[in-house]
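J.:
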Amino acid sequence: LIIFKMADEGNVRIKGVTVVKPIVYGNVARYFGKKREDDGHTHEWTCYLRPFKNEDMSTYIKKVHFKLHESYPSPVRVFTKPPYEVSETGWGEFEIIIKIFFIDSSEKPVTIYHLLKLFLNDPAVIAGKKNVVSEHYDEIVFTEPSSTIHQLLSSPKPMVPAVRHEAGMDYRELEEKSVSSISSAHKKIKLEIQDLSDRLKLARDSIQTLKEQVEDAEEKK
165 LIIFKMADEG NVRIKGVTVV KPIVYGNVAR YFGKKREDDG HTHEWTCYLR
215 PFKNEDMSTY IKKVHFKLHE SYPSPVRVFT KPPYEVSETG WGEFEIIIKI
265 FFIDSSEKPV TIYHLLKLFL NDPAVIAGKK NVVSEHYDEI VFTEPSSTIH
315 QLLSSPKPMV PAVRHEAGMD YRELEEKSVS SISSAHKKIK LEIQDLSDRL
365 KLARDSIQTL KEQVEDAEEK K
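Okay, so the sequence shown: first residue is 165 according to my numbering, each after it adds one.
#1: I'd like to confirm the pairing. Which residues does DSSP put opposite Tyr301 in its beta bridges?
#2: Can you check whether the CB of Leu280 is closer than 7 Å to the CB of Asn191?
#3: For His314, write down the residues that DSSP places opposite it in a beta bridge.
#4: Rank Lys185, Tyr236, Leu282, Glu376 by C-alpha distance to the C-alpha of Trp209 and give the top, closest one.
#5: Pull up the CB-CB distance for Thr275 and Lys263, whole angstroms please, since I reckon it's below 8 Å.
#6: In angstroms, rounded to a whole number, what distance separates the CA positions of Lys321 and Asp220?
#7: Can you give me the start and stop residues for the alpha helix (DSSP H) that Ile178 sits inside?
#8: Among the residues of its own chain, which have a CB less than 6 Å from the CB of Thr253, if the five just before and after it don't count?
#9: What does the alpha-carbon distance come out to for the pair His329 and Glu356?
#10: Would you mind sorting Phe196 into buried or exposed? The rule is 16 or more other CB atoms within 10 Å of its CB.
#11: Under a Cβ-count criterion, where at least 16 other Cβ atoms within 10 Å of its own Cβ denotes burial, should Pro325 be classed as buried or exposed?
#12: From which residue to which residue does the alpha helix (DSSP H) around Ile290 run?
#13: Do you know how far the Cα of Val181 is from the Cα of Pro247?
#14: Roughly how many angstroms separate the alpha carbons of Leu360 and Ile353, rounded to a whole number?
The structure is reproduced here in structure tokens:
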């Protein structure tokens, strides 16, 4: 769960508003069946960032960086429009850093770490008849967003063609639980703020009463 606030001066926040954008990221890989003679590579793979819902993320995302292993030529691959995905071949697993930059420059980039998965102890995978899929659900949560980014987030466009998820999993239960968790957290925070406000008021009243008592005592001397 990726949560952040906008804190730049001069950027107007919309108080009490939270916008959740579910995402899916991961990779799909296929075994060649043997090592490739010219470079020893054994797999072809694609690492991707996709919206969970069928909407065009470029309405609020400026660009996405995929940082690969340093052994690849031009290891930082930049994509300014969907599909946000990089395809390569290789022989080993490594961590890919996915960095998301937003159209509203006051939003800090979001970084995701994904371990490229190539191998699986499955006869169909080993035979090259089945792909390895490593896919994850997550959410970008915009808390008190600016009016600029809020407008972009609130006006999604459908993707053509429609987005598909490699794992074939239904993430809706995860999404519902996450939204419920965020809602509960907000209610808890509001109650804690109210409690602290009441305590502060009580402390101020007590100080004022004590001050008046001291003043009365001074006058009686």
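Cβ atoms here follow ideal geometry from the backbone N, Cα and C, with glycine treated the same way. Source: prediction; values computed, not measured.
T.: On the basis of the coordinates in this document:
#1: Numbered from 1 along the sequence shown, position 137 holds the residue referred to as residue 301. The partner list for Tyr301 (beta bridge, DSSP) reads Val188.
#2: Numbered from 1 along the sequence shown, position 27 holds the residue referred to as residue 191. Numbered from 1 along the sequence shown, position 116 holds the residue referred to as residue 280. Yes, the pair counts as a contact, with Cβ atoms nearer than the cut-off.
#3: In the sequence shown, the residue the question calls residue 314 occupies position 150. None, per the DSSP bridge assignment.
#4: For the purposes of this step, residue 209 is identified with residue 45 of the sequence shown, where counting begins at 1. Here the closest residue by C-alpha is Leu282.
#5: Stepping through the sequence shown from its first residue, residue 275 is reached at position 111. Stepping through the sequence shown from its first residue, residue 263 is reached at position 99. About 5 Å separates the Cβ atoms of Thr275 and Lys263, confirming a contact at the 8 Å cut-off.
#6: The sequence position of residue 321 within the sequence shown is 157, counting from 1. The sequence position of residue 220 within the sequence shown is 56, counting from 1. Distance between the alpha carbons of Lys321 and Asp220 is about 5 Å.
#7: Position 14 of the sequence shown, counting from 1, holds the residue named residue 178. Bounds of any alpha helix (DSSP H) do not take in Ile178, whose DSSP letter is neither H nor E.
#8: Taking the sequence shown and counting its residues from 1, the one referred to as residue 253 is at position 89. Contacts found: His205, Glu208.
#9: Against the sequence shown, residue 329 aligns to sequence position 165. Against the sequence shown, residue 356 aligns to sequence position 192. One C-alpha to the other measures close to 40 Å.
#10: As a position in the sequence shown, residue 196 is number 32, starting the count at 1. It counts as exposed.
#11: The residue given as residue 325 occupies position 161 in the sequence shown. Exposed, since its Cβ has fewer than 16 Cβ neighbours within 10 Å.
#12: For this step, residue 290 is matched to residue 126 along the sequence shown. It spans 287-290 - the alpha helix (DSSP H) in which Ile290 sits, taken as one unbroken run.
#13: Locating residue 247 in the sequence shown gives position 83, where the first residue counts as 1. Locating residue 181 in the sequence shown gives position 17, where the first residue counts as 1. Between the alpha carbons of Pro247 and Val181 lies a gap of roughly 29 Å.
#14: For the purposes of this step, residue 360 is taken as residue 196 along the sequence shown, with counting starting at 1. For the purposes of this step, residue 353 is taken as residue 189 along the sequence shown, with counting starting at 1. Taking the straight line joining both Cα atoms gives about 10 Å.
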